[in-house]
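Enquirer: The following block contains the structure, expressed as structure tokens.
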Amino acid sequence: MASFIEHKLENGLRICLEPLSHLPSAACGFVVLTGARDERPEEEGVSHFLEHMSFKGTTRSSWERINQRFDELGSKYNAFTSHERTMYYGWVPSENLMPQIDLLAEMMRSALPQEEFDTEKKVVLEEIAMYRDSLESSMFDLASKELFAGSPLALSVLGTEETIGPLKREQMVDYYRRRYGPENMLFVASGRFDSDAVIAQVREQTAGWERGEGGRSQPAPKMQTGIAKQQIGKFKQQALMLCYPAPSGEDDDVRVGVMARILSGANSRIFWEVMQRGICPDAGAFHLDYNDTGVFVLYGLCEPERADSVLAALREQAEKLSADGPTEFEVQRVKNSVRTQLARDGDAPMRRLLQVATDVEILGAPRSLEAALEQVEAVQVADVRAALEEFPITGDGMLVSVGPEDWPAG
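The opening position of the sequence shown corresponds to residue 0 in numbering that gives the first Met the number 0, with each subsequent residue numbered one higher.
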């Protein structure tokens with residue numbers, strides 16, 4: 000059974016450690032509790048841009064030296080930004096964990112050099128352009144904008160040319176000071192290390208950090224219904240999504256995850272009854288859970304002339320599952336899959352790092368692999384039936400369509 004060590008520094012930074020002495024490596028990272036939904040309209044995309052800039056130099060190290068240091072440590076490193084969090088992490092041999100902590104902590108206090116800001120802005124604008132060239136990305140962007148219209152969750156993580164183009168370094172500095180305070184951050188590590196030594200190292204490296212505003216005081220967004228569509232002639236396929244209200248991340252409702260796995264993935268209902276029947280090459284379902292709201296999505300990508308058939312096929316599978324419930328075999332199949340996934344995660348500090356960070360941020364406490372497995376193992380057919388009644392995946396919901404055709408008509 001995993002044993003977690005939690006600590007809070009004097010400056011407000013939370014620390015959560017999962018020592019795994021049987022492993023030869025360790026992963027660590029800083030989670031900043033900020034993302035697109037914390038931005039002002041005129042600074043849309045600044046969280047993601049700031050993530051880029053955190054690799055571009057500090058008062059002590061140039062961007063070249065930062066990258067060299069990662070390579071010297073043998074680190075598998077990266078960062079990502081979402082609507083609700085930004086995370087920086089590295090996975091190294093255990094003997095290199097301390098210098099990895101030092102490097103990541105240094106990056107959290109980037110100098111945001113003007114020359115690199117000007118250069119990296121071009122990179123971000125190119126990324127926005129590439130994003131628009133992706134059918135799936137365009138579909139997801141339209142879905143977010145329409146599902147959460149009037150809410151900060153409608154903002155694009157990457158931003159737009161209209162917001163990133165005129166963005167000034169001074170605006171980024173202001174955002175950084177507001178959102179990158181230690182009281183709005185979490186440090187997580189998983190793998191082989193001395194916990195006392197890690198806490199001492201993090202305390203030393205973050206001692207001079209100034210507090211910011213932190214926090215997030217926003218009402219839970221209300222999901223919109225109806226039809227949202229965008230005709231983009233350059234695409235050859237039509238993408239569609241059916242969206243329904245679902246539990247939030249804070250609800251921690253594992254039943255909905257089981258529903259999604261029954262419908263989507265290898266040997267699922269949609270795999271056999273939609274994809275393998277040649278109705279469309281790519282279809283499935285997933286649960287999108289933000290901290291305070293959630294969406295259950297059925298999706299398909301197809302030739303434009305088959306969009307009606309794909310929509311009908313997805314609705315049919317949702318209606319059948321809702322009417323009849325899952326079989327015992329289907330629920331057990333999901334449990335078997337989760338068991339294998341968790342066993343694999345137990346030997347990968349990077350996977351554990353991401354899960355522990357999510358649990359601490361959203362649920363307020365870490366969760367062991369054993370606890371996660373017990374939660375899924377407890378789900379029975381009756382539980383899935385109850386979830387389908389509580390969070391129906393039939394009816395209108397919101398239909399999102401992106402592709403070369405103005406579909407659905409009317």
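Here a beta-carbon is modelled for each residue, glycine too, at the ideal position from N, C-alpha and C.
(1) Which of the three DSSP states is assigned to residue 195 in this structure?
(2) Rounded to whole angstroms, what's the CA-CA distance from residue 372 to residue 353? Just pull it up for me.
(3) Judging by CA-CA distance, which residue of 401, 370, 189 and 151 is the nearest neighbour of residue 91?
(4) Where do the N-terminal and C-terminal ends of the alpha helix (DSSP H) with residue 13 fall, by residue?
(5) How about residue 111 and residue 52: do their beta carbons lie closer than 8 Å?
(6) Alpha carbon to alpha carbon, how far is residue 97 from residue 26? Give it in angstroms, no decimals.
(7) Pop quiz: residue 303 and residue 404 are said to be a contact at Cβ under 8 Å. What is the actual Cβ separation, rounded to whole angstroms?
(8) What distance in whole Å lies between the Cβ atoms of residue 29 and residue 16, which are believed to be in contact at a cut-off of 8 Å?
(9) On a Cα-Cα basis, can you pick out the residue from 149, 23 and 309 that is closest to residue 276?
(10) Applying the 10 Å Cβ sphere with the 16-neighbour rule, what's the burial state of residue 31?
(11) At what residues does the beta strand (DSSP E) containing residue 186 begin and finish?
(12) Tell me which residues share the same chain as residue 124 and place their Cβ nearer than 8 Å to its Cβ, disregarding the 5 neighbours each side in the sequence.
(13) Provide the residue span of the alpha helix (DSSP H) that contains residue 334, from first to last.
(14) Between residue 21 and residue 191, what straight-line distance do the alpha-carbon atoms span, to the nearest angstrom?
(15) Quick one: grab the DSSP three-state call for residue 229.
(16) Only counting runs of 4 or more residues, tell me where the alpha helix (DSSP H) segments fall wholly within the stretch 267-313, in order along the chain.
(17) What beta strand (DSSP E) runs, 3 residues minimum, are completely inside the stretch 24-91?
(18) Should the stretch 217-227 be called in touch with the stretch 138-151, which here means at least 3 C-beta pairs below 8 Å?
(19) Taking DSSP's pairing of strands, which residues face residue 237 in a bridge?
(20) Give me whichever residues DSSP pairs with residue 243 in a beta bridge.
(21) Determine the direct distance from the alpha carbon of residue 384 to that of residue 253, and round the result to whole angstroms.
(22) Is DSSP giving residue 378 helix, strand or coil here?
(23) Pop quiz: residue 222 and residue 244 are said to be a contact at Cβ under 8 Å. What is the actual Cβ separation, rounded to whole angstroms?
Expert: Reading off the structure:
(1) By one-based count along the sequence shown, residue 195 stands at place 196. Of the three classes helix, strand and coil, the one that applies to residue 195 here is helix, per DSSP.
(2) Locating residue 372 in the sequence shown gives position 373, counting from the first residue. Locating residue 353 in the sequence shown gives position 354, counting from the first residue. Taking the straight line joining both Cα atoms gives about 17 Å.
(3) Taking the sequence shown and counting its residues from 1, the one referred to as residue 91 is at position 92. Per the Cα distances, 189.
(4) Along the sequence shown, read from residue 1 onward, the residue named residue 13 stands at position 14. Here residue 13 belongs to no alpha helix (DSSP H); instead the beta strand (DSSP E) covers 13-18.
(5) Residue numbering aside, residue 111 sits at position 112 when the sequence shown is read from its first letter. Residue numbering aside, residue 52 sits at position 53 when the sequence shown is read from its first letter. Their beta carbons are under 8 Å apart, which means residue 111 touches residue 52 by this criterion.
(6) Looking up residue 26 in the sequence shown gives position 27. Looking up residue 97 in the sequence shown gives position 98. The alpha-carbon atoms of residue 26 and residue 97 are separated by roughly 11 Å.
(7) Residue numbering aside, residue 303 sits at position 304 when the sequence shown is read from its first letter. Residue numbering aside, residue 404 sits at position 405 when the sequence shown is read from its first letter. Their Cβ separation, rounded to whole angstroms, is 4 Å, which keeps residue 303 and residue 404 in contact under 8 Å.
(8) Position 17 of the sequence shown, counted from the start, is the residue given in the question as residue 16. Position 30 of the sequence shown, counted from the start, is the residue given in the question as residue 29. That pair is no contact at about 13 Å.
(9) Within the sequence shown, numbered from 1, the residue matching residue 276 stands at position 277. Distance check between residue 276 and each of 149, 23 and 309 places 309 closest, using alpha-carbon atoms only.
(10) Numbered from 1 along the sequence shown, position 32 holds the residue referred to as residue 31. Residue 31 comes out buried.
(11) Looking up residue 186 in the sequence shown gives position 187. DSSP places residue 186 in the uninterrupted beta strand (DSSP E) bounded by 184-190.
(12) Taking the sequence shown and counting its residues from 1, the one referred to as residue 124 is at position 125. Once the five neighbours on either side are set aside, the close Cβ partners of residue 124 are 160, 163 and 164.
(13) Counting from 1 along the sequence shown, the entry for residue 334 is found at position 335. Start and end: 327-344.
(14) Here the question's residue 21 lines up with position 22 in the sequence shown. Here the question's residue 191 lines up with position 192 in the sequence shown. Approximately 7 Å, taken between the alpha carbons.
(15) Position 230 of the sequence shown, counted from the start, is the residue given in the question as residue 229. Strand at residue 229.
(16) none
(17) 24-31 and 75-80
(18) yes
(19) Sequence index remark: in the sequence shown, residue 237 carries index 238 (1-based). According to DSSP, which records beta bridges pairwise, residue 237 is partnered with 301.
(20) Looking up residue 243 in the sequence shown gives position 244. The partner list for residue 243 (beta bridge, DSSP) reads 295.
(21) On the sequence shown, position 254 is the one that residue 253 refers to. On the sequence shown, position 385 is the one that residue 384 refers to. If you take the alpha carbons of residue 253 and residue 384, they lie about 13 Å apart.
(22) Taking the sequence shown and counting its residues from 1, the one referred to as residue 378 is at position 379. DSSP places residue 378 in coil when its eight states are reduced to three.
(23) For this step, residue 222 is matched to residue 223 along the sequence shown. For this step, residue 244 is matched to residue 245 along the sequence shown. Yes, they are in contact, since the Cβ atoms of residue 222 and residue 244 sit about 5 Å apart, within 8 Å.
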